[in-house]
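Note sheet for the following structure.
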Amino acid sequence: MKTQVAIIGGGPAGLLLSQLLHVAGIDSVVLERHTRDYVEARIRAGVLEQVTVGLLEQAGAGARMRREGLPHGGVNLASDGEQFRIDFQALVGKSVMVYGQTELTKDLNDLLAERDQPVFEAEDVALHDIATDKPFVTYRKDGQEHRLDCDFIAGCDGYHGPSRKSIPADAGQVFERVYPFGWLGILADVPPCDHELIYSSHAHGFALASMRSMVRSRYYIQVPLDEKLEDWPDDRIWDELAVRLGPKAAAGMTRGPSIEKSIAPLRSFVFEPMRHGRLFLAGDAAHIVPPTGAKGLNLAVADVALLAPAQLVPEALVAPVLHLVVQRALHVVAAARQAAHGAQREAALAVAVDDGVRRHRRHVGQHAQPAERIDLLVLGHVVLHAGARDAVEAVAAGDEVALQLVVLPLVAVAHGR
Ligand SMILES: Cc1cc2nc3c(=O)[nH]c(=O)nc-3n(C[C@H](O)[C@H](O)[C@H](O)COP(=O)(O)OP(=O)(O)OC[C@H]3O[C@@H](n4cnc5c(N)ncnc54)[C@H](O)[C@@H]3O)c2cc1C
């Protein structure tokens, strides 16, 4: 089997990437280890930032979210029982949307089902030849072995998936912090205690009053890592929430039996680089943040926005483009430095530049991704512009000012801005 982009993992990152690629006319195959029911039942994120909302709409997956989601124009902070509100609308004219990850996943799965995606229950997914221009993925489904050839692989398989692990250890770096506490979460079919979220700091520890709808509430309390779930019957959790959230929230709180209860350990984790050869990591596969900021899902979506060509947002592309430009420029200048001085050196630089462009063009070929096309364009602008040779050297030397003055405007030019 052959596809343009093999996507590993059918969580929010993988599903949305596949849908955005589809909208852009690029085909993909999503390989998901679990069943659809299992994936859609995972209780996780619930707060979508404005950018995420916009991308879901762009992907054609926003209709039910607009109907059933709860827009929040602000958030409440509480300290030892006293509350104050941060008014997003008044301050920045933006809002967030409360809409469960479970619902978002269902909406995207419905869209993907129209083209028989994802491939659920794909076992033993393995990545091969990721550093070449002919990567492929193998997996087993219903007892049969399959091989999926592709141009690119998107590793959207979360923290535990095989994608990140297939990058050689010496080609990446891990930054990690494990916190000495976890979040005990409870989900219950009761109305929320406030129409917006409450983040509370208290001497007993942090607490959060969140929601999934006007009839389903999500609450968290910070607990030591060695705490046992069985020591926390529902009544004890409600009592502790009332103390930590303060009298106003406690008065509005409706208690009810939990429909889900768990302790999530908190950790921050970042792996870089997020690209190795033809493999790109996105979402939890590359980074985990504690749920404190309600960021994980939104960061996963932000990664996908960079990978999907439909999202050619100049600002979003500046960083990866710069990275590529600097790497190419380094190569070009290093080659030129080996030559003699003066006119000879100028001529050698021109030859090296041409060679760099030619090799780059051959490398990306017909399958150039938009970032690479822009990279080529920018590099072309830089090297062909008569006065830009010094700039190439400055860029190669990591000169921040040159980056700002020369490369960024060229990125803008490449985008017709
Ligand atoms: C309790 C909790 C609360 C959270 N609250 C929030 C919040 O309020 N706001 C927020 O923005 N984020 C929140 N997050 C984080 C958010 O859920 C994640 O950041 C988000 O799910 C990341 O999406 P993803 O697609 O990158 O990864 P995942 O959702 O982990 O998806 C990865 C997919 O890959 C599949 N997979 C794994 N291994 C394989 C394999 N070998 N083969 C094939 N498929 C594989 C998995 O089954 C899964 O479907 C929360 C997380 C938790 C745990």
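If you read the sequence shown in the numbering used here, its first letter stands for residue 2, the second for the next number, and so on.
Cβ atoms here follow ideal geometry from the backbone N, Cα and C, with glycine treated the same way.
All values derive from a computational prediction rather than experimental measurement.
- By the neighbour-count criterion, in which 16 or more other beta carbons inside 10 Å mark a residue as buried, V93 falls on the exposed side.
- Between V126 and A62, the alpha-carbon positions lie close to 27 Å from each other.
- Between G257 and V191, the C-beta spacing is below 8 Å.
- The beta strand (DSSP E) runs lying completely inside the region 89 to 177 and spanning 3 residues or more are 97 to 99, 124 to 129, 137 to 142 and 145 to 156, given in chain order.
- Linking L282 to M275 through their CA atoms gives a straight-line distance of about 5 Å.
- Around the beta carbon of S80, fewer than 16 other beta carbons lie within 10 angstroms, which makes this residue exposed.
- Considering only A46, P266, D240 and L188, the residue with the shortest C-alpha distance to P13 is A46.
- According to the DSSP assignment, P72 belongs to the beta strand (DSSP E) that extends over L71 to H73.
- Taking the C-beta atoms as reference points, L230 is found nearer than 8 Å to K262.
- According to the DSSP assignment, L280 belongs to the beta strand (DSSP E) that extends over L280 to L282.
- Only residues of its own chain outside the window of five on either side were considered, and among them M98, V99 and Y100 have a CB closer than 7 Å to the CB of G70, listed in chain order.
- Separation of A170 and E273 (C-alpha to C-alpha, rounded to the nearest whole angstrom) is 11 Å.
- Per DSSP, reduced to three states, the secondary structure at V48 is strand.
- Here DSSP, grouped into helix, strand and coil, assigns L198 to coil.
- Shown here, T293 sits in a helix according to DSSP, grouped into three states.
- Assignment of P258 by DSSP, reduced to helix, strand and coil, places it in the coil class.
- The continuous alpha helix (DSSP H) containing V24 extends over residues P13 to V24.
- Separation of the CB atoms of L78 and V302 is rounded to 25 Å, and the pair is thereby denied contact status at 8 Å.
- In this structure, R43 keeps its C-beta atom at 8 Å or more from the C-beta atom of F121.
- At a threshold of 7 Å, V30 does not count as near ligand 1, since its beta carbon sits no closer than that to any of the ligand's heavy atoms.
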